[in-house]
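Have a look at the structure below before the remarks.
In mature numbering (1 follows the signal peptide of the UniProt record, and there is no 0), the protein residues as written are -24 to -1, 1 to 382.
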């Protein structure tokens, strides 16, 4: 989900990873899988959703009898490691899971650069690696995922960023325009000024322009901002039809009341804020407010499978948070992997990769989850809009086929 700057010295210290043998079965009837995620530290809001989603999938699979591979049935054993939002910890945890625990697969991390560092360990060891980072297109190429390639066992469980940004922008404008009551022509982006905000907003800017929006320069704010009035005053002077807040949901919820008080725009968009949080916090606005989820909302959804999933997810003890939906970037793929092992009739990682590339899995996010030739998925993103009266409408928006020109 997120990207942080990766210091070369840290990488040099930890990435001398040997090709540890990826032995899936530590016990005769058990397959070990691992999760590395930020269960503490700055990224905990998204990080805690990974082990929660994977844990639920593991429980469901085991409760249904396990994974039948050939003539043998296995139970899954989940090993969770907290990277504490620290790249050195993430690397050390991955080394331990691969070398000492001999996991067959790893899920995580929620941060782009952490994932790349972890892949330096998982890939030589032939450990299947699933990560919900929309930025992995930079490394997943035809040559890198080919047999013998450096990323042959790495899979991206979130659509490419141009797709996610494209579906989000289109969905936001489509839902807001009838509520505003006139054509939406000008958008202003207000974004947290860090590596992730800079990267993601470049794609969203291109997506808005491809939808015909006039977009002035992006307004960046320091990540620890609590008083947004200088940035909002500047935005108001541009006379926008929509103000789009990217990408930190917690900061967005701090900024929106200030924007409403200043009357900055006739409509707003909050990236990564679930309508469940909107309702639970008793939020309201006198103008339309759109929200998006990554990838499906828990508080209000047009996806018929979402309610059953999130009922089970929260019943298992997961907290209701701004980014709870991120768990689906991992939950579906534990089931997908189990199906691949069964189809391959083997735990051999190369046979499993071939099975993953040919399967079409029915998940919560989509009835047709499939990896393309470069190990990436494509699916819709859910966008919702709260009308001034409080009614919330949601819709799944399909992504564009091609990236817009930036």
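Note that beta-carbon positions come from the ideal geometry of N, C-alpha and C, so glycine has one too.
From a predicted model like this one, the values you see are computed outputs, not experimental measurements.
Host beta strand (DSSP E) of residue 16 (start-end): Unbroken run through residue 16: none, as it is neither H nor E.
What residue range is occupied by the uninterrupted beta strand (DSSP E) comprising residue 168? 163 to 168
With residue 350 and residue 176 assumed to form a contact (beta carbons below 8 Å), what rounded beta-carbon distance in angstroms separates them? In fact, because the Cβ distance is near 21 Å, the residues do not count as touching under 8 Å.
Once you ignore the five residues that flank residue 139 on each side, which residues in its own chain have a CB closer than 7 Å to its CB? 354, 375 and 376
Does DSSP put residue 268 in a helix, a strand or coil? strand
Have a look at 358, 366, 54 and 39 and flag the residue whose alpha-carbon is nearest the alpha-carbon of residue 257. 366
Should residue 296 and residue 215 be called a contact, given that it needs their Cβ atoms to be closer than 8 Å? no
Expected contact under 8 Å - CB spacing of residue 165 and residue 180 to nearest Å: 7 Å
Residues of its chain near residue 198, where Cβ-Cβ distance is below 7 Å and the 5 sequence neighbours each way are ignored: 169
Got a sec, what are the start and stop residues for the beta strand (DSSP E) residue 37 sits in? That residue, residue 37, is in no beta strand (DSSP E); its alpha helix (DSSP H) goes 25 to 39.
Per DSSP, residue 368 is paired with what? 362
State buried or exposed for residue 220, treating a residue as buried only when at least 16 other CB atoms are found within 10 Å of its CB. buried
Nearest CA to the CA of residue 8: which residue from 31, 272, 287 and 18? 31
Got a sec? Which residues, its chain only, sit under 8 Å from residue 77 by beta carbon, not counting five neighbours each side? 2, 8, 10 and 55
Residues of its chain near residue 112, where Cβ-Cβ distance is below 6 Å and the 5 sequence neighbours each way are ignored: 132
So, with DSSP's three-state summary, where would you put residue 75? helix
Mind checking who residue 58 pairs with in its DSSP beta bridge? 13
Collapsed DSSP secondary structure at residue 374 in the structure displayed: coil
Simplified DSSP state of residue 129, which is helix, strand or coil: coil
Starting from the C-beta of residue 235, find all residues in its chain whose C-beta is less than 6 Å away, skip the five residues before and the five after it, and write them out in chain order. 208
Same chain only: Cβ atoms within 6 Å of residue 468, ignoring 5 sequence neighbours per side: Nothing in the structure corresponds to residue 468, since the chain is present only between -24 and 382.
Is it buried or exposed for residue -1, if we count other Cβ within 10 angstroms and need 16 for buried? Note that residue -1 scores a pLDDT of 43, beneath 50, so its modelled location is shaky; the value from the coordinates is reported in the next line. Buried, because 16 or more other Cβ atoms sit within 10 Å of the Cβ of residue -1.
For residue 146, which residues of its own chain have a beta-carbon under 7 Å away from its beta-carbon, when the five flanking residues on both sides are left out? 187 and 373
Is there contact here, the region 272 to 286 with the region 237 to 247, by at least three beta-carbon pairs under 8 Å? no
Classify residue 202: buried if its beta carbon has 16 or more other beta carbons within 10 angstroms, exposed otherwise. exposed
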